[in-house]
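Q: Residue numbers (my numbering): 219 to 518.
(1) Have a look at the DSSP bridge pairing and note the partners of residue 499.
(2) Secondary structure at residue 259, three-state DSSP: helix, strand or coil?
(3) According to DSSP, is residue 410 part of a helix, a strand, or is it coil?
(4) If we count the other Cβ atoms within 10 Å of its Cβ and call it buried at 16 or more, is residue 270 buried or exposed?
(5) Given a threshold of 16 other Cβ atoms within 10 Å of its Cβ, counted over all protein chains shown, does residue 285 qualify as buried or as exposed?
(6) Assuming residue 517 and residue 432 are in contact, meaning their beta carbons sit under 8 Å apart, how far apart are those beta carbons, in whole angstroms?
(7) What does a CB cutoff of less than 7 Å around residue 407 pick up in its chain, not counting 5 residues either side in sequence?
(8) Could you tell me if residue 463 is buried or exposed, where buried requires 16 or more neighbouring beta carbons within 10 angstroms of its beta carbon?
(9) Three or more C-beta pairs closer than 8 Å, one from the segment 454 to 468 and one from the segment 488 to 497: is that the case here?
(10) So the candidates are 420, 471, 476, 450; which of them puts its Cα closest to the Cα of residue 385?
(11) Touch check for the segment 334 to 349 and the segment 306 to 313: three-plus C-beta pairs under 8 Å?
(12) What is the DSSP secondary structure of residue 512, reduced to helix, strand or coil?
(13) Name the residue from 470, 257, 251, 268 whose alpha carbon lies nearest to the alpha carbon of residue 404.
(14) Over the uninterrupted alpha helix (DSSP H) stretch that includes residue 470, give me the two end residues.
(15) Closest to residue 264 by C-alpha separation, out of 288, 318, 411, 250, would be which residue?
(16) Helix, strand or coil: which one does DSSP assign to residue 374?
(17) Measuring straight from C-alpha to C-alpha, what distance separates residue 498 and residue 504?
(18) With a CB to CB cut of under 8 Å and the five nearest residues on each side skipped, what residues in its chain are close to residue 426?
(19) Output the distance between the C-alpha atoms of residue 349 and residue 288, rounded to the nearest integer angstrom.
(20) Would you grab the beta carbon distance between residue 475 and residue 440 for me? Rounded to a whole angstrom, and I think it's under 8 Å.
(21) Under a Cβ-count criterion, where at least 16 other Cβ atoms within 10 Å of its own Cβ denotes burial, should residue 256 be classed as buried or exposed?
(22) With respect to the beta strand (DSSP E) encompassing residue 461, which residues constitute its N-terminal and C-terminal limits?
(23) Which residues in the same chain have their Cβ closer than 8 Å to the Cβ of residue 393, if we skip the five residues on either side of it in sequence?
(24) Hey, would you say residue 436 sits closer than 8 Å to residue 397, going by beta carbons?
(25) Check the DSSP bridge columns for residue 306 and list the partner residues they point to.
(26) In angstroms, rounded to a whole number, what distance separates the CA positions of residue 515 and residue 332?
(27) DSSP on residue 422, reduced to helix/strand/coil?
This is the structure we're talking about:
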């Protein structure tokens, strides 16, 4: 259960400047996790001028596997990528309320890139200027660019990889409802996006709760063909992104769900292949403006 914002206190947030009510704010919202039984936090970003406008479009962002944590001392890891990184760390004036939760560790604590991470790697909002962005080409690329046919069998089922966002879907929906209620979000303009593990989670969540969202935009995370019927029935606008040289989640894995959507008559679904990029395609996608502009033209 998620408490109302008034019960959380306004001290647990940072603002652009002390007392600057019209500046952007980053708040921590506490809730009791039904899955773990523990109290956890998630971030809610409020854009500049939030107090001057009645309703704002909302983005629910689901991070990748490397940003998991305890929802308390480790929550800052979710600022590493995505819309929250762009709005808060890079100081971009994105006109959205942004919800950024943290996926529990579950069985992933032994993964090398999680074990070796340190708080020093977390990008921070600077008093002056902004930090350098990550290299969009990432640390590894698959073989040289070439076209590939679709595949007949996917490595994961409809829920995506093990211990993913599907395990806390009810909590995510509660976060959306609480944010719309407490932070002047527009229930008809809630947009769902996520990268890698979060991309898989976004497909799954949208398929179960298509009525909640104005758009779906997974990045380097494919959907399962079983998701297609619910999404096509809801006519949910979809824009998915893949890296043509991604050796982690290869492009052919993305085709089956789009072929199924096409067969079902879904005309508002698009797949963009950044053929020159690998798994870090999200740096370009979230660092640009096209996705946010596309979100702003859609509502339920």
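Even for Gly, the Cβ is constructed at its ideal location relative to N, Cα and C.
A: Straight from the coordinates:
(1) Stepping through the chain shown from its first residue, residue 499 is reached at position 281. DSSP, once it has assigned bridges, lists no residue as partnering residue 499.
(2) As a first step, residue 259 must be located in the chain shown, where it is residue number 41. Note: residue 259 maps to strand in three-state DSSP.
(3) Locating residue 410 in the chain shown gives position 192, where the first residue counts as 1. In this structure, residue 410 counts as strand in the three-state DSSP scheme.
(4) Translated into positions along the chain shown, residue 270 becomes position 52. Residue 270 comes out exposed.
(5) Here residue 285 refers to the residue found at position 67 of the chain shown. Buried, since its Cβ has 16 or more Cβ neighbours within 10 Å.
(6) What you label residue 517 is simply residue 299 of the chain shown in a count that begins at 1. What you label residue 432 is simply residue 214 of the chain shown in a count that begins at 1. Residue 517 to residue 432, Cβ: 5 Å. Contact.
(7) Residue 407 sits at position 189 when you count from the first residue of the chain shown. Same-chain partners within the cutoff: 275, 276, 432, 517.
(8) Sequence index remark: in the chain shown, residue 463 carries index 245 (1-based). Label assigned to residue 463: buried.
(9) yes
(10) Reading the chain shown from its first residue, position 167 is the one you call residue 385. Ranking 420, 471, 476, 450 by Cα distance to residue 385 puts 420 first.
(11) yes
(12) As a first step, residue 512 must be located in the chain shown, where it is residue number 294. Note: residue 512 maps to helix in three-state DSSP.
(13) Counted from its first residue, the chain shown places residue 404 at position 186. Minimum Cα distance to residue 404 is reached at 268.
(14) As a first step, residue 470 is located in the chain shown; it is residue number 252 there, counting from the start. Segment: none, residue 470 is in no alpha helix (DSSP H) and carries neither H nor E.
(15) In the chain shown, the residue the question calls residue 264 occupies position 46. Closest option to residue 264, Cα to Cα, is 318.
(16) Position 156 of the chain shown, counted from the start, is the residue given in the question as residue 374. Reduced to three states, the DSSP call for residue 374 is coil.
(17) Looking up residue 498 in the chain shown gives position 280. Looking up residue 504 in the chain shown gives position 286. Answer to the nearest angstrom: the Cα atoms are 11 Å apart.
(18) Your numbering for residue 426 matches position 208 in the chain shown. Hits under 8 Å: 387, 448.
(19) Reading the chain shown from its first residue, position 131 is the one you call residue 349. Reading the chain shown from its first residue, position 70 is the one you call residue 288. Rounded to whole angstroms, residue 349 to residue 288 spans 26 Å at the Cα level.
(20) Walking along the chain shown from the start, residue 475 turns up at place 257. Walking along the chain shown from the start, residue 440 turns up at place 222. The C-beta distance from residue 475 to residue 440 rounds to 7 Å, short enough to fall under 8 Å.
(21) Here residue 256 is taken as the residue at index 38 of the chain shown, counted from 1. When all chains shown are included, residue 256 counts as exposed.
(22) Mapped onto the chain shown, residue 461 falls at position 243. Element bounds for residue 461: 456 to 461.
(23) For this step, residue 393 is matched to residue 175 along the chain shown. Within the same chain, residue 393 has close Cβ partners 220, 247, 249, 260, 278, 317, 319.
(24) As a working note, residue 436 is residue 218 in the chain shown. As a working note, residue 397 is residue 179 in the chain shown. Their beta carbons are not under 8 Å apart, which means residue 436 does not touch residue 397 by this criterion.
(25) Position 88 of the chain shown, counted from the start, is the residue given in the question as residue 306. Residue 306 is not bridged to any residue.
(26) Stepping through the chain shown from its first residue, residue 515 is reached at position 297. Stepping through the chain shown from its first residue, residue 332 is reached at position 114. Distance between the alpha carbons of residue 515 and residue 332 is about 37 Å.
(27) In the chain shown, the residue the question calls residue 422 occupies position 204. In this structure, residue 422 counts as helix in the three-state DSSP scheme.
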